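Take the position in the sequence shown, starting the count at 1, then add 1346; the result is the number in our numbering. Note that the Cβ used here is the ideal one computed from N, Cα and C, for glycine as well. Computed from a predicted model, the values in this text were never measured in an experiment. Shown next, in structure tokens, is the structure this report addresses.
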Amino acid sequence: MPVTTTTAAVHITPVVIKTLLLHSKRKVKRIGDSRREQEAQDDLLFDEAFHIVKAFIYFGTKNTIESLQAFTNTHVPSPYWSCVCPVTVPLSSCNDAADILIEWFGPEELKMVVGGERWWQVRGLSGVDAEWLAEEEHIDSERETRSNNNTGRKMDGLETNIKRMEKLETVMACWLSLLSSFDLAKFRCSQFYVHGGGYSWGSINTHRYQILHYANKFKGRAFAVNYRKAPQYPWPCALQDVLAAYLYLIRPPPDALHKAVPPSKIVFAGDSAGGGLCLTTLTILRDLGLPMPAGAVLISPWVDLTHSFPSVMQNTKTDIIPKYGFLSKHSPVWPMPTVPEKGDRIVNAVTNEPPKPGEADTLKPSRERLERPKCERIGPGEPVKTQEEMLQDSSGPSSPSKSGSSNNTSTPLPAESIPTSEEPEKDDLQEEIDNWEPKPPKILRKNPNLIPLEARSQIQMYATTEQLTHPLVSPILQSSLGNLPPLYILTGDGEVLRDEIIYLAHKAANPAEYPTRKGALRDARRQKENAEKFTKPTKVHLQVFDGMCHVLTVFTFTKSAKYAYRSIAAFVNHVTQHGEEYLESHPFPEYEEAKAEKHEKPAEKAEKHPMDGLHNNHHYHSEPLQTTRLNDHDANEVNASTLDGNGLAEKEKAFNGSKDDSLLKPSEAGAIRPSETELDGQSFIRERVDVHGKIRPLEPKEQLQALQLKPSEIGVLKEAPALRWAEGQKKWDKRYARNAKRALKQKARYAAKADKLIRHALEQGLIHKPDADSGEADPSLARTTTPLRHKKSLGEIERDRRWGPLDLADEKPPATAIAGRRDTPEAVALLKKSIYHTAPKTHMTVPRLKTSDAVAAAFDPNDDPIHPPPQSASEQQVKAQLVSLHGLRMWDQLLRQVFSNYRRGISTDVHTLQIFWKEECFEGRRRYKCNC
């Protein structure tokens, strides 16, 4: 049963009823216990929303990953009150991003760690889907934009809307002209948003309402990217797409509809996996000396895919993440392998080290490492060593024997095992390196006297188990997180990723205090240099929200989320309004108020204008206090009636919230002022936020369990989370055993179909030269102005498309990568599109579709004899049949209604929701001629 609105509703409805009954019981108990502090789930709406989201994600694990991707990547229209402009990041920007990654990795790391430089550049679409988003009321009118058109040509609707977004500072100038003489051109800023979803699902459509809410708060525009998802497009596919989208903003191609956006006006923002991608992209830009954005907002970033921190095991009941992680029903795509090999997916080790327990085997072997397996083969009757024995034997003279603490990049050989014969020929050694296969990773156990475990299956969809310790996969293992732009990091106290996020913030703010074990950096050439190269602490603002789960901003109607949205807006405005020198000493808007209060005389405080409190509240407005404060002359001229007459007071109320939102103002709600907050050298703010939006200092470092871990314990594959995953996967293997057998048959059938497709293409005139450009391969082709194609062929050769599925003969893509597979329907669709519709430049011809294949495609509901086949839902958006009844749109509408009612102070019952919906529809028809 696939993931649909109906099946999800059937699964979630009992959860809603059960939550309502249990909530009543808890409320009665709370009334009887007056001493108990208020919790986030005391709010009925949050309690219901929390369990709805948790139930949906769990429901997704009971379906195939393709089904979950299709549901969450279904295109739904944007609300009438928004301006959304879909665009495509072209292949030229993707190629620029690929060149940057190739330079970062280097040839050796590309070959041994990534598996090549071609497979991750293969894609089905001719670019990356993206969207410009803003609110209609914040941008210029269409008539004004068309009248100011100086190009001399007629603009279509898409171009007009994008041009309208470029003039957001006009509206902001009208709003702020009474408050400041600040340079209003500086207010034009853009948020670069990367959505989350475990690197494997989610899309712009699942996050559109949240992104629009951000744009509303900081009165700007947002740019969201729909990157490719794993397991079909594993690491570093998503990283390339995010980097390409950023380059598209700052270096737009000639045919782009927008002007180049200065990096100083861009702020990265992302949640969960999107937060991890933002952080990884920042480190790449830093390492290569490329322009970096003004700052980054990381909301519950997933930065440790090895799950080595304690909260991963402790907070499963208080988080929306499933207990066993992101599992899925068996299909040709996932899990990998489809059926567990040798009895189970995690087994007792059958060989002695290497690799050491807790670590993955090296992906770039040395000569000694190539010789070592031959010297340590287990003979008949020879026992496998215990974990303690393996650690002792693997420790060199300069490193201790404790888990993960070895600093050696390769384990030294015993003297008696060093070959006495001459070194092998270079060609022989290169052949061994080319055929190198690392051993299965060994998992660290609590009892050192037991035999370590070995992972025989891929655990995470995003990357292979051997790649999990790479710094671009798990950014927590970066050798240095210094020299980055200001970071605003948010996490919930009840989420499973809490500890790694807290550690991340401290590691970025104090690079020298939190080093990375060298064993985790052995496959990253560049990262070894960064530990000494980037030592400047990054400006970090960390906030831990009491009682909140993963990605608290999903629950927009809660007081914690409202506070987070306002804080993010203040941060975005602050870092985009000021220059680099100013941000060096004033990285966050909090310092403006703290500095002003520290030096302000009591008499001056008494003479403040009443309007000051609206703009200088902690986190809500990024204007400096000395800039936004009205002087006596202005204060006498501006009175309440004048403000109301210009509509300013109404806008202020809408921005700062209703009476219910007053709890979100720390200055009025009794929260600790910034001057009282713990500040580490004006570069690191550590705070907690309670359920009412009040702030207080975070506990001392000595009391945070995340900071008590040694570097040798971080990024290590440990027993508890691995066995928990294995337990869940074993249940899924048993529950979906029939599906696994069916998937194996499907894989064989589609592999035969792919072979037939390639054979027919060659018969119909396909000419393919993967190692040469078409112009250089044949002089006659170089003289032609158009690519050679069959007269009746349907597609064409795209010169900006470098590689296709037929260009990977010398590469080793991961087992799940769609580019290297022929045994899934998605892989066959990609292959057909690459041959007959959008061929890469390595194809000399576009063949004609064979008659028998065209007839078969006509009877296939998922194929077409004329149009290109739909690509994987991990990349291409799916069109819904009944958009108005799709679950994504219904969820967005529900959130918007509840949030708007909260702002208006209206109780959220069925009657008021109906009234409000009618009012919204009438307003939409009146203003935008929308047929709701």
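Under DSSP, L1799 forms a beta bridge with N1694 and I1789.
I1666 sits away from V1842, with the two beta carbons spaced by 7 Å or more.
Scanning its chain for C-beta atoms nearer than 6 Å, with the 5 sequence neighbours on each side dropped, one finds around K2099 the residues V2174, in chain order.
Checking the DSSP bridge columns, you'll see Q1537 partnered with A1568 and V1613. The three-state secondary structure of K2225, taken from DSSP, is strand. In the structure shown, Q1387 falls within a helical segment according to DSSP collapsed to helix, strand and coil. Pairing H1541 with I1550, the inter-Cα distance amounts to about 7 Å. Looking at the DSSP output, G1838 bridges to F1891. Taking 7 Å as the cut-off, the Cβ atoms of S1906 and M1894 count as close. Check the Cα spacing between N1919 and each of I1403, L1888 and A1642: the tightest is with A1642.
For E1483, there is no enclosing alpha helix (DSSP H), since its DSSP letter is neither H nor E. For S1424, the closest of A1480, P1608, D2156 and Y1560 by C-alpha to C-alpha distance is A1480. A distance below 7 Å separates the beta carbons of W1648 and G1622. Contact check for S1536 and R1567: beta-carbon distance about 5 Å, within the 8 Å limit, so the pair qualifies. Judged by their CB atoms, P1832 and Q1873 are not nearer to each other than the 7 Å cut-off. In this structure, DSSP gives E2142 an extended state, which the three-state scheme calls strand. M1458 counts as buried, since at least 16 other C-beta atoms from the protein chains shown sit within 10 angstroms of its C-beta.
Taking all protein chains shown into account, E1875 has fewer than 16 neighbouring C-beta atoms within 10 Å of its C-beta and is therefore exposed. Going by beta carbons, A1619 and G1544 fall inside the 7 Å limit.
Look at T1862 here: in three-state DSSP terms it is coil, with no helix or strand label.
One thing to note: G2074 has its Cβ no nearer than 7 Å to the Cβ of L1651.
Per DSSP, the unbroken beta strand (DSSP E) holding I2031 starts and ends at F2030 to V2035.
One alpha carbon belongs to F1614, the other to S1826, and they sit about 19 Å apart. In this structure, S1428 and L1603 do not form a Cβ contact; the two beta carbons are roughly 18 Å apart against a cut-off of 8 Å. Exclusion of the five residues before and after K1853 leaves L1827 and Y1860 as the residues of its chain whose Cβ lies within less than 6 Å of its Cβ. Between the segment 1570 to 1584 and the segment 1805 to 1823 there are three or more inter-stretch CB-CB distances shorter than 8 Å, so the stretches are counted as touching.
Scanning the segment 1644 to 1708 for uninterrupted alpha helix (DSSP H) segments of 4 residues or longer gives 1657 to 1660, listed from N- to C-terminal end. DSSP assignment within the segment 2052 to 2101 yields the following whole alpha helix (DSSP H) runs of 4 residues or more, N-terminal first: 2065 to 2081. Three or more beta-carbon pairs separated by less than 8 Å are not found between the segment 2184 to 2194 and the segment 2217 to 2224, which leaves the two stretches without contact. Put simply, the segment 1689 to 1700 touches the segment 1728 to 1738. At least three CB pairs are less than 8 Å apart.
E2172 is not a Cβ neighbour of I2181, given a cutoff of 7 Å. In the DSSP assignment, V2174 falls within the alpha helix (DSSP H) that extends over P2171 to Y2182.
Ranked by Cα distance from P1600, the first of T1904, S1438, V1886 and D1393 is S1438. Looking at N1795, E1846, G2061 and G1925, the one whose alpha-carbon comes closest to that of V1890 is E1846. As computed with DSSP, A2185 is found in a beta bridge with I2143. Residue pairing by DSSP puts I2041 in a beta bridge opposite V2035.
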